[in-house]
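A.B. asks: Structure in structure tokens, see below.
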Amino acid sequence: MSQLAALSLSIALLGGFATWLFLTVGGVLIWAAFVAWGCYFQAGGNAPALRNTLVCNTFGAAVAWLAAVVILSVPLAATLTLPGWAAVVVFATAWLVCMAANVPALSTIPASFYGYASTFAFLLQTPERMNLAALTSPGLDNAFIVTALSMAIGALFGYVSGALGGALMTRTARAG
4 MSQLAALSLS IALLGGFATW LFLTVGGVLI WAAFVAWGCY FQAGGNAPAL
54 RNTLVCNTFG AAVAWLAAVV ILSVPLAATL TLPGWAAVVV FATAWLVCMA
104 ANVPALSTIP ASFYGYASTF AFLLQTPERM NLAALTSPGL DNAFIVTALS
154 MAIGALFGYV SGALGGALMT RTARAG
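For the record, in the sequence shown the residue sitting at position 132 is 135 according to the working numbering, with numbers rising by one throughout.
Here you go:
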């Protein structure tokens, strides 16, 4: 079996299982898991890629969470308009994400922005979660918690699918 065929089969099997699991359990975001899963492979599909995906997705989600808290807590929307104030906060936090790449553990900028974007995607698709009570809650109503958890599970599925793909390729090579 070719590497592509083995990896395709592995991702298809585990992708179907992950979808079933996420939809059965509820509360976690299958789409955020798939974003992190893809990020893992984009980052190299190996152990360092797993570390970078986990750390940077989580960092990006944390920065987006902080941005949402600042947008809601600091009353500059009345002066600048909500779109204007949000733009200022995004400017500052996007700069922070990029500059944080000077820290080796945070150097995978795309992975950080996947976490950042996924957090705001959750907040924009579920506007009832864009409030300080939800953002500071200790459960899955909290955008940071649900996004970071979903992405961490997705990154782990990426790692397992890579290992399973490699095992399928090795097994068929031995059998042939």
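Don't be surprised by glycine CBs; every beta carbon is placed ideally from N, CA and C.
With a threshold of 6 Å on Cβ separation, who are the neighbours of ILE33 within its own chain once the five nearest residues in sequence on each side are excluded?
C.D. replies: Once the five neighbours on either side are set aside, the close Cβ partners of ILE33 are THR22, PHE25.
A.B. asks: Would you call CYS59 buried or exposed, if buried means 16 or more other Cβ atoms sit within 10 Å of its Cβ?
C.D. replies: When all chains shown are included, CYS59 counts as buried.
A.B. asks: Exposed or buried, which one is ARG132 when buried takes at least 16 other CB atoms within 10 Å?
C.D. replies: Counting Cβ neighbours within 10 Å, ARG132 comes out buried, since at least 16 surround it.
A.B. asks: Determine the contact status of VAL73 and VAL92, defining contact as a CB-CB distance below 7 Å.
C.D. replies: Against a cut-off of 7 Å, the Cβ pair of VAL92 and VAL73 comes out as a contact.
A.B. asks: Between THR122 and SER5, what straight-line distance do the alpha-carbon atoms span, to the nearest angstrom?
C.D. replies: Each residue's alpha carbon lies about 36 Å from the other.
A.B. asks: To which residues of the same chain is GLY41 closer than 8 Å at the C-beta, ignoring the five residues directly before and after it?
C.D. replies: Once the five neighbours on either side are set aside, the close Cβ partners of GLY41 are GLY161.
A.B. asks: Taking only the alpha-carbon atoms, compute the straight-line gap between SER140 and GLY165 and give it to the nearest angstrom.
C.D. replies: So the two alpha carbons sit approximately 35 Å from each other.
A.B. asks: In whole angstroms, what separates the C-alpha of SER76 from that of ALA95?
C.D. replies: Those two C-alpha atoms are separated by around 16 Å.
A.B. asks: Should the region 143–162 be called in touch with the region 95–105, which here means at least 3 C-beta pairs below 8 Å?
C.D. replies: No: fewer than three Cβ pairs fall under 8 Å.
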